[in-house]
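Following: one structure in structure tokens, then a few remarks.
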Amino acid sequence: MEIDGEDSDQSYLIQRARSAKSQREARAWMITARLMFPNDLDIQFEAYVAEKKRSEKDPRVWKELNVIIEALLQSNNDSSVKGKFSPLVVFETLPTEVQEQILHQASLNALEEKTSREGIIEYVKLTLISINHFPNSINSRCAQMLRHLLKGIWDHKGDKELLNIAVHEVCLKILSFPTLKLESSVLEDLVYLTIHDYIFESCILGSNRPSWDVVFKILQELGSRLNWTLSNNLENEPLEVSLNKVVSFSQRNKQESESIFEMYSVCLVLFLKAFSDYLEDASPHEGNETKIDSDFVLVEAFVTHEVEEGSHGGRIKRRRTTDEERRTPLITLYNDDDSEERNKRNMTDNFLHALHFYQLLHSEKELESRFTRLLETKGVSGALTNFSIDNLIYDSKYREALQVLRQLPTPVTQDEQGRFHLKMATVQYCLKDSNAAADQIIQAMACLPPASSENNKDTVYKTKKDEDTLQKPTIKNRHLHFLKYARFQPQSPESDLALGHVIVLLQYTWPCEVDLFYMIMHRILEFLEEFMWLASEQGGSVALDISPRSHNPSGSGRRVGTRGANRGEKEEFKTAIRKQVIRCHENLDKIIIDFFEPK
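full-length UniProt numbering puts the last residue of the sequence shown at 599; the count rises by one with no breaks.
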């Protein structure tokens, strides 16, 4: 209240109270004034203002106010408690100006009185409560809140609780106000925070999946404020559509530096989304947590693809296959349950989507530089390292993949060692080093746990469908296969094939395991001799059908020779087998010498 210019006794007493150097002196002057003029309105109001200022930081006052603040924080976390606490009723009866002032001062006190992390958390929560009660205050309170929050996250190196508050509460709340104006630097900081600190930490370094609905909603709103086009409708678009859109955007804006941050941010988010979905499909998970080790190992299928005319289901080929189609590897996946075939197909699709976005992040120098800095700052998980090796194998960069594998730390567990040797076998096989590939496969087999009744649950029974998938010729020059990392139990028709694989591997590592090789060969000879004895008169002249199993299905789909082309095929095969068995006792060295000697 203003004091008039008249030199009255009342004004004199008020002026002396205001100019007093100590609180006691000021109170003495005001007591004197009230005793002399008890009914004067100016003196009464001045006494009220002085007492109000004195009581603002009174511990007793804030002790009562803190009860109200605690009730507000509790009701903000649990909406069901509203209306049950009397402090909330008291707070609601206060004038709106007083409510806003209490919340503002309480948030500032939290920053000053509590430790840095707890103080920032309480400050942000009280500021959000204030914005909920007084939306008009967002323009004056938001900038300061974001400054303290971002500083706290960077000072505490991505504290998870601060990150969750920033993404799930602050960003969602403040971005819901279309009238709120934020600087471009602040918006870019929020994009960086959401992608690098929240999504990357969750997908790559953590075990919990981020809330993708929340992420896409935030990114779309931030992108619209930054005038981005790539972030529109990300939540509803399939990854394949988003991939085509990003590729088109990259081709149109290849030389524009202003679009680099937009391209990098959207491409990184979509890569992390596809990579997260791929890990979820490929890894065993419990609840919302996903294990880093995949159930599958990507290997180059150890088969030769020679396409025969009419081998594709008898359908006529209507167009020529392009070189690009042949260079793109075929990717198949072990499937132990027909009901899960669709999910397995989604896994390969997610892998390819993640692969393409990963390659886009390395398509330009600036994009690759940003992504490399992110990996150097945050670190690389084992899953991402394995994915980068798979990317090199997919691109036929085998020597680079071999170099990366050799630089990896020594695997600790048997499971890690087995996966490492399988990956090394794939690379060595592609480099045409069959001896090294066979050695790696044998080492991988040695890392498998011993078969026992306890491990029966991990034993997988291979079906004919899986074999046909791997052996069926294709138009592709290469075939990548997601090999299930489990112990396979071949059924009886497959035992011969497995034994043949063992014989081939033992020859590659010759003379290692020579005793095992001779034992297998003698066992085969015993079987053949037994068959021939059964076919002889002494054995009863049993008619045996010993022709090789045909891969063609019986019935209408069976390939039938014309004009007697395959007549006597079985008899010729039987005759050849008999000749070989009859000569099994001859000296092999003498036969080889006779073969090389000129006639």
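Each residue gets a CB set at the ideal place from its N, CA and C atoms; glycine is no exception.
Checklist entry - In this structure, does DSSP put VAL297 in helix, strand or coil? => result DSSP places VAL297 in strand when its eight states are reduced to three.
Checklist entry - CYS142: buried (16+ other C-beta within 10 angstroms of its C-beta) or exposed? => result Under this definition CYS142 is a buried residue.
Checklist entry - Could you check where the alpha helix (DSSP H) with THR377 kicks off and where it finishes? => result THR377 -> alpha helix (DSSP H) spans 365-378.
Checklist entry - Quick one: any contact between the stretch 169-178 and the stretch 119-134, if contact means 3 or more CB pairs under 8 Å? => result Enough Cβ pairs lie closer than 8 Å, so yes.
Item to check | Nearest candidate by alpha-carbon position, reference LEU352, set SER363, HIS362, PRO329 and GLU368 | outcome: Ranking the options by Cα distance to LEU352, first place goes to PRO329.
Item to check | Straight-line Cα distance separating VAL297 from LEU480 | outcome: When rounded, the distance between both Cα atoms is 10 Å.
Checklist entry - Secondary structure at HIS479, three-state DSSP: helix, strand or coil? => result In the displayed model, HIS479 falls within a strand according to three-state DSSP.
Checklist entry - Nearest to LEU219 by alpha carbon, out of SER369, VAL269 and ILE393? => result The residue among SER369, VAL269 and ILE393 with its C-alpha nearest the C-alpha of LEU219 is VAL269.
Checklist entry - Given 8 Å as the limit, is there contact between the stretch 505-516 and the stretch 359-378, that is, 3 or more CB pairs closer than that? => result Under the 8 Å Cβ criterion, the stretch 505-516 does not count as touching the stretch 359-378, having fewer than three qualifying pairs.
Checklist entry - If we count the other Cβ atoms within 10 Å of its Cβ and call it buried at 16 or more, is LEU234 buried or exposed? => result Looking at its Cβ environment, which holds 16 or more other Cβ atoms inside 10 Å, LEU234 is buried.
Checklist entry - Between ILE577 and LEU505, what straight-line distance do the alpha-carbon atoms span, to the nearest angstrom? => result Per the coordinates, the alpha-carbon of ILE577 lies some 24 Å from the alpha-carbon of LEU505.
Next on the checklist: Considering just the uninterrupted stretch of the alpha helix (DSSP H) at LEU516, what are its terminal residues?
Outcome noted: Segment 514-535, the alpha helix (DSSP H) holding LEU516.
Checklist entry - Any idea what DSSP makes of THR332, helix, strand or coil? => result THR332 falls in the strand class under three-state DSSP.
Checklist entry - Any idea if MET519 is buried or exposed, counting beta-carbon neighbours within 10 angstroms, 16 or more meaning buried? => result Exposed.
Next on the checklist: If I measure Cβ to Cβ from ARG478 and keep anything under 6 Å in the same chain, skipping five residues before and after, which residues do I get?
Outcome noted: These residues qualify, in order along the chain: PRO329.
Item to check | Coarse secondary structure for LYS254, derived from DSSP in three states | outcome: DSSP places LYS254 in coil when its eight states are reduced to three.
Next on the checklist: Taking the beta carbon of PHE596 as the centre, do at least 16 other beta carbons fall within 10 Å, making it buried, or is it exposed?
Outcome noted: With fewer than 16 other beta carbons inside 10 angstroms of its own, PHE596 counts as exposed.
Next on the checklist: Pop quiz: ARG209 and SER276 are said to be a contact at Cβ under 8 Å. What is the actual Cβ separation, rounded to whole angstroms?
Outcome noted: Contact between ARG209 and SER276 holds, with the beta-carbon distance rounding to 6 Å and staying under 8 Å.
Next on the checklist: Quick check on DSSP: helix, strand or coil for LYS21?
Outcome noted: Here LYS21 sits in coil by DSSP.
Checklist entry - Do you know offhand how far LEU175's Cα is from GLU221's? => result LEU175 and GLU221 have their C-alpha atoms spaced approximately 7 Å apart.
Next on the checklist: So for GLU309, helix, strand or coil by DSSP?
Outcome noted: Caution applies to GLU309, whose pLDDT of 43 falls short of 50 and renders its modelled position unreliable; the value that the coordinates give is listed next. Secondary structure of GLU309 (DSSP, three-state): coil.
Checklist entry - If you draw a straight line from the C-alpha of ARG34 to the C-alpha of SER22, how long is it? => result Computed Cα separation, rounded: 19 Å.
Next on the checklist: Quick check on GLU289: does DSSP put it in helix, strand or coil?
Outcome noted: Note that GLU289 has pLDDT 47, beneath the 50 cutoff, so the model's placement of it is unreliable and no number is given.
Checklist entry - Should ARG390 be labelled buried (16 or more other beta-carbon atoms within 10 Å of its own) or exposed? => result The sequence as given places Asp at residue 390; Arg does not occur at that position. By the neighbour-count rule (16 or more Cβ atoms within 10 Å), ASP390 is buried.
Checklist entry - Would the stretch 112-121 and the stretch 145-162 be scored as touching if the rule is three or more Cβ pairs under 8 Å? => result In short, these stretches touch, since the Cβ pair count reaches three.
Next on the checklist: Can you find the residues in the same chain that come closer than 6 Å, C-beta to C-beta, to PHE420, ignoring five residues on each side of it along the sequence?
Outcome noted: Scanning its chain for C-beta atoms nearer than 6 Å, with the 5 sequence neighbours on each side dropped, one finds around PHE420 the residues PRO411, in chain order.
Checklist entry - When the distance is taken between beta carbons, is ILE393 closer than 8 Å to ALA401? => result Between ALA401 and ILE393, the CB-CB gap stays under 8 Å.
Next on the checklist: On the CB-based measure, 16 or more other CB atoms within 10 Å of its CB, does ASN39 come out buried or exposed?
Outcome noted: Answer is exposed; the Cβ neighbour count stays below 16.
Next on the checklist: Just to confirm the assignment, what range does the alpha helix (DSSP H) spanning ILE121 have?
Outcome noted: Start and end: 116-133.
Item to check | Residue burial classification, GLN428 (beta-carbon count within 10 angstroms, cutoff 16) | outcome: Here GLN428 is buried. Its C-beta has 16 or more other C-beta atoms within 10 Å.
Next on the checklist: Looking at the strands, I want to know which residues DSSP matches up with LYS484.
Outcome noted: Bridge partners of LYS484: PHE296.
Item to check | Option nearest PHE249 by Cα separation, candidates LEU497, SER211 and LEU360 | outcome: Taking only the C-alpha atoms, the option nearest PHE249 is LEU360.
Checklist entry - Assuming LEU405 contacts MET424 under a Cβ cut-off of 8 Å, what Cβ separation, rounded to an integer in Å, is found between them? => result The C-beta separation of LEU405 from MET424 comes to about 6 Å, placing the pair in contact by the 8 Å criterion.
Next on the checklist: Just to confirm, is the Cβ distance from PHE271 to TYR358 under 8 Å?
Outcome noted: Yes.
Item to check | Three-state secondary structure (DSSP) of CYS447 | outcome: Note: CYS447 maps to coil in three-state DSSP.
Next on the checklist: Let's test the definition: count the other Cβ atoms within 10 Å of the Cβ of SER202 and tell me whether it reaches 16, buried, or not, exposed.
Outcome noted: SER202 comes out buried.
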